[in-house]
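Note that this note's numbering has the sequence shown beginning at 109, numbered continuously upward.
Built from N, CA and C at the ideal position, the CB exists for glycine as well.
A quick note: this is a predicted structure, and the numbers were derived from the prediction, not measured.
Have a look at the structure below, then the notes.
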Amino acid sequence: MAHVHILDTVARTSPGNRMGPDELRAALIMMLRIRRFETRAKELFLKGVIKGTAHSSVGQEAIAAGACAALGPDDFLLTHHRGHGHTIAKGSDVARMFAELMGRAPGYCAGLGGSMHIADFERRILGANGIVGAGMGLGTGAALAEQLNGTGNIGITFFGDGAANEGIFHEAMNLAAIWSLPLIFFCENNQYGLTTATEAVTAGPSIAARGDAYGVLNERIDGNDVAAVFEAVERAALRARAGEGPTLIEALTYRWDDHSMRANLPSYRTDMEEEDWRRRDPIARLRDHLVAAKDLDGDDYDTLVAQVEAEIEEAIEWARAQAEPDMDLALSHVLAPVGLSYSEPGPGARTLTYAQAITEAFALEMEADDDVIILGEDVGETGGIFGLTLGLCERFGAARVRDTPISEGAISTCGVGAAMSGKRVVVEAQLWDFVTLMMDAIVNQAAKARFMLGGKARVPIVFRGPQGAGIRLAAQHCQSLEMFFANVPGLQVYAPCSAYDAKGLMATAIAQDGPVVFLEHKLLYLGAAQPVPEARYHIAPGKGRVVRPGRDCTVIATLAMVDRAVQAAETLEREGISVEVIDPRTIKPLDADLICSSVRKTNRAVIVHEAPLFGGFGGEIAATIQDKAFDWLDAPIARVGAPEMPVPYNDRLERAYMPDATRIIEAVKSVCYRS
109 MAHVHILDTV ARTSPGNRMG PDELRAALIM MLRIRRFETR AKELFLKGVI
159 KGTAHSSVGQ EAIAAGACAA LGPDDFLLTH HRGHGHTIAK GSDVARMFAE
209 LMGRAPGYCA GLGGSMHIAD FERRILGANG IVGAGMGLGT GAALAEQLNG
259 TGNIGITFFG DGAANEGIFH EAMNLAAIWS LPLIFFCENN QYGLTTATEA
309 VTAGPSIAAR GDAYGVLNER IDGNDVAAVF EAVERAALRA RAGEGPTLIE
359 ALTYRWDDHS MRANLPSYRT DMEEEDWRRR DPIARLRDHL VAAKDLDGDD
409 YDTLVAQVEA EIEEAIEWAR AQAEPDMDLA LSHVLAPVGL SYSEPGPGAR
459 TLTYAQAITE AFALEMEADD DVIILGEDVG ETGGIFGLTL GLCERFGAAR
509 VRDTPISEGA ISTCGVGAAM SGKRVVVEAQ LWDFVTLMMD AIVNQAAKAR
559 FMLGGKARVP IVFRGPQGAG IRLAAQHCQS LEMFFANVPG LQVYAPCSAY
609 DAKGLMATAI AQDGPVVFLE HKLLYLGAAQ PVPEARYHIA PGKGRVVRPG
659 RDCTVIATLA MVDRAVQAAE TLEREGISVE VIDPRTIKPL DADLICSSVR
709 KTNRAVIVHE APLFGGFGGE IAATIQDKAF DWLDAPIARV GAPEMPVPYN
759 DRLERAYMPD ATRIIEAVKS VCYRS
């Protein structure tokens, strides 16, 4: 069958070539360790000791042992959901790995990540990943950090044959090629994605051959030959260290078990196929070579097997005796600790526009910290389509203000990988609607990394861009998407409406050790200049401000809606209604104390946002008021938002779509005059 004979197309390499007897013996021990770990993990899963699921790499041990033997201790590694072998081969402690699979607190990720998310930052293992192909994008960022720092270190990102059909494969390959990143793309082609044969869903002569389209050197090797794996990775590593860019390696192998330990799928492989691949067992193959070369005898082998089995049993017993994490520990790992000093200096007499204030924040943070970098489309010499990075490339260089391909998946995951590797990254979504193409990087990677990796990961990254309607760019360029991100634990969401706040909050966002979604409004770019101090300062998130004091009703608004709320308040003042306008400044964390304090004073509340009412942040604020200030309310809370429709292109309809001062006035009157 095609699956069985696919290795016949690969050039044969003698297992002893360029690996001496000692190296081969060490590789054999490592492969035995990985095999025993996986077989015992499956047994423990079937007994209910390991819960959830895990993915066995039995049959693929030569790849982990050979590849990691070619890496240095400071080289980084990213792996996937079937990554136990890579982690063990890079030197991680099997006892702590078992503890993680059992959900115990001393596990590598405090029992919060499990099998698919093991990381060991001391050994430069930046994490396994449950999202297919994610490590390729993260790897570009980690490699970029190494390149910028001039360390000479390289990285390897493992992925399966199924991931080669994900868009991030092509985006990351292109990015790594154009920037000559020191990264090895290593595809473990074990012939099946889940149950579908690779050859049935993969066009072209091979996965390796796809590298040709990007000018990336590539080769297809026998993944069950530990020496062939070592040699291929060593060649790729030498090129990467010499600044010659990435390499794509496709290793042909086979997983002996089903897709996962939980899988109970109908038969999709023939007995003949499975048996033929078992005869190609990489462990037996290496053992037989060493015996034939008289570098090992049967008794030696039995002794090695017994030693590894004893090591694994000791690790299991230790792991089973460990405590489980508690909720306090889990909650402590959601957000990075705060290490900033916050201040709000007087605004002074100098004025800047909203856009200029953000640009100045970029410049000051980049001046203060060489690790701050900006990634995005046309952010370099062009300065961004709205001009927010204008002049920064000339001042700080193209390496730090870096133009990217139109490739949101690569931009965002590269940013996360660089942030996890020590950089402070600003990622621009040219228009905020395009952030929907960055959702995996933001939601599954940046937001969850610290938590699921047991509190070890720092992810100082800002995702920013212009949202909102008002300049007739229609439905795919004008959305207000703040609640997408407010619903994701691990993210902070900033939404400043003034130039002063924009500068201070952007400085805070960049200096944070965790991910921030930073919302800007296109209409605010067009506003008049406002007083902004020249000094560098950081505004505390979760601290709103009273924009305009009042007695009779509280109006809570953000971004472009704040100015419209002030317009409404000024009109109502002439009619004898005193309105207090609150700008939360950050949506998450939210200054519930300020909002509720105001409502307790005015006894009425109106909440305004540009997004449609259903699912908008106004519902969350209303619930907060109901919970903390219900007894002070003299009328039901009113909300003002857009209708349940996409943003229309027609200018008259767009104006009608957006909340304005008239609608805010009507809402305030409805709560003030309610009998």
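Residue from the options whose Cα sits closest to the Cα of residue i
i, options, result
"Trp287", "Gly723, Ala518 and Ile618", "Ala518"
"Glu422", "Ala737, Met139, Arg204 and Val399", "Arg204"
"Arg532", "Gln620, Arg782 and Glu382", "Gln620"
"Asp320", "Asp699, Thr306, Ala285 and Asn595", "Ala285"
"Ala750", "Met766, Lys736, Tyr781 and Thr490", "Met766"
"Gly622", "Lys564, Leu632, Asp660 and Glu342", "Lys564"
"Ser686", "Ile695, Ala676, Pro129 and Pro692", "Ala676"
"Thr490", "Asp742, Leu498 and Gly260", "Leu498"
"Ile466", "Leu632, Thr732 and Arg386", "Leu632"
"Pro445", "Ala172, Val535, Arg566 and Ala549", "Arg566"
"Gly174", "Asp660, Cys522, Arg126 and Pro604", "Arg126"
"Met281", "Gly245, Tyr300 and Val309", "Gly245"
"Leu680", "Glu774, Gln299, Gly447 and Lys630", "Glu774"
"Ala737", "Lys709, Tyr757, Ile137 and Phe725", "Lys709"
"Trp740", "Gly724, Ser705, Leu761 and Arg747", "Ser705"
"Pro641", "Gly684, Asp333, Arg347 and Ser606", "Ser606"
"Gly684", "Phe293, Val624, Lys777 and Ile772", "Lys777"
"Val442", "Thr187, Gln600, Arg148 and Ile514", "Gln600"
"Val324", "Arg347, Arg212 and Ser451", "Arg347"
"Gly495", "Asp477, Thr544 and Lys630", "Lys630"
"Val714", "Arg682, Pro697 and Val674", "Val674"
"Leu273", "Val524, Asn237, Pro692 and Thr310", "With the sequence shown as reference, residue 273 is identified as Asn, and Leu is not the correct amino acid for it. Per the Cα distances, Thr310."
Residues of its chain near residue i, where Cβ-Cβ distance is below 8 Å and the 5 sequence neighbours each way are ignored
i, result
"Arg141", "Ile196, Val202, Val416, Glu419 and Ile420"
"Asp486", "Gly492, Ile493, Asp511 and Gln538"
"Lys104", "Since the first residue shown for the chain is 109 and the last is 783, residue 104 is missing from the structure and cannot be characterised."
"Arg763", "none"
"Gly102", "This structure cannot settle anything about residue 102, because the visible part of the chain is limited to 109 through 783."
"Gly312", "Arg318"
"Glu296", "Gln168, Ile171, Arg190, Phe266, Phe267, Gly268, Asp269, Gly331, Ala359 and Thr361"
"Arg659", "Ser686, Glu688, Lys709 and Thr710"
"Glu752", "Pro720, Leu721 and Phe722"
Contacting residues, own chain, Cβ-Cβ under 6 Å from residue i (five flanking each side not counted)
i, result
"Asn552", "Ile239"
"Ser122", "Interpretation of Ser122 is limited by its pLDDT of 49, a score under 50 that renders its predicted location unreliable; the figure taken from the coordinates is listed afterwards. Here the set comprises nothing."
"Pro754", "Ala583"
"Asp809", "Any property of residue 809 remains undetermined from this structure, which presents the chain solely from 109 to 783."
"Gly301", "Gly270"
"Ala527", "Val533, Val567, Pro568 and Ile569"
N- and C-terminal bounds of the alpha helix (DSSP H) containing residue i
i, result
"His397", "Pro390 to Ala400"
"Leu154", "Pro129 to Leu154"
Where the beta strand (DSSP E) through residue i begins and ends
i, result
"Arg672", "That residue, Arg672, is in no beta strand (DSSP E); its alpha helix (DSSP H) goes Ala668 to Arg682."
"His629", "Val624 to His629"
"Thr694", "Thr694 to Lys696"
"Tyr785", "The chain is shown from 109 up to 783; residue 785 falls before or after that span and cannot be answered."
"Phe229", "Looking at the DSSP string, Phe229 is not in any beta strand (DSSP E), and its letter there is neither H nor E."
"Phe266", "Gly263 to Gly268"
"Leu291", "Leu291 to Asn297"
"Gly573", "Ile569 to Gln575"
"Arg510", "Val509 to Asp511"
"Phe53", "Because the chain here runs from 109 to 783, residue 53 falls outside it and cannot be looked at."
"Ile519", "Ile519 -> not in any beta strand (DSSP E); alpha helix (DSSP H) instead, spanning Glu516 to Met528."
"Asp691", "Val687 to Asp691"
"Glu536", "Arg532 to Glu536"
Neighbourhood of residue i by C-beta distance below 7 Å, restricted to the same chain and skipping five residues each side
i, result
"Asp366", "Leu373"
"Arg143", "Val166, Glu169 and Ile391"
"His111", "Note on His111: pLDDT 41, under 50, position unreliable in the model; the coordinate value appears next. Excluding sequence neighbours, His111 sits near Gln299, Ala305 and Glu381."
"Gly124", "For Gly124, the pLDDT reaches just 44, beneath the cut-off of 50, and the residue's location in the model is therefore unreliable, although a value from the coordinates is still provided. The residues are Leu132, Ala335, His397 and Ala401."
"Asp615", "With the sequence shown as reference, residue 615 is identified as Ala, and Asp is not the correct amino acid for it. Hits under 7 Å: Ala469, Leu472, Glu473, Arg644, Tyr645 and His646."
"Phe725", "Glu590, Met591, Ala594, Ile695 and His717"
* Segments assigned alpha helix (DSSP H), at least 4 residues, entirely inside the segment 721 to 755 -> 725 to 737
* To do: May I have a chain-ordered list of the beta strand (DSSP E) segments no shorter than 3 residues that lie completely inside the segment 325 to 412?
  => 325 to 330 and 355 to 360
* Between the segment 422 to 439 and the segment 568 to 579, do at least 3 Cβ pairs fall closer than 8 Å? -> In this structure the segment 422 to 439 does not touch the segment 568 to 579; the number of beta carbon pairs closer than 8 Å is below three.
* Asked: Which ranges would you report for the beta strand (DSSP E) in the segment 443 to 504 if only whole runs of at least 3 residues count?
  -> 480 to 484
* the segment 432 to 449 contacting the segment 216 to 227, beta-carbon criterion three pairs below 8 Å -> yes
* To do: Could you tell me whether the segment 301 to 319 touches the segment 346 to 363, where touching means 3 or more Cβ pairs closer than 8 Å?
  => yes
* Do the segment 648 to 664 and the segment 554 to 561 make contact, defined as three or more Cβ pairs closer than 8 Å? -> no
* To do: Kindly confirm or deny that the segment 576 to 590 and the segment 467 to 475 touch, where touching means at least three C-beta pairs closer than 8 Å.
  => no
* To do: Could you tell me which uninterrupted beta strand (DSSP E) segments, each at least 3 residues in length, are contained entirely in the segment 606 to 667, listed from first to last along the chain?
  => 624 to 629, 653 to 656 and 661 to 665
* Asked: What residue ranges within the segment 196 to 280 form continuous alpha helix (DSSP H) runs of no fewer than 4 residues, ordered along the chain?
  -> 202 to 209 and 242 to 257
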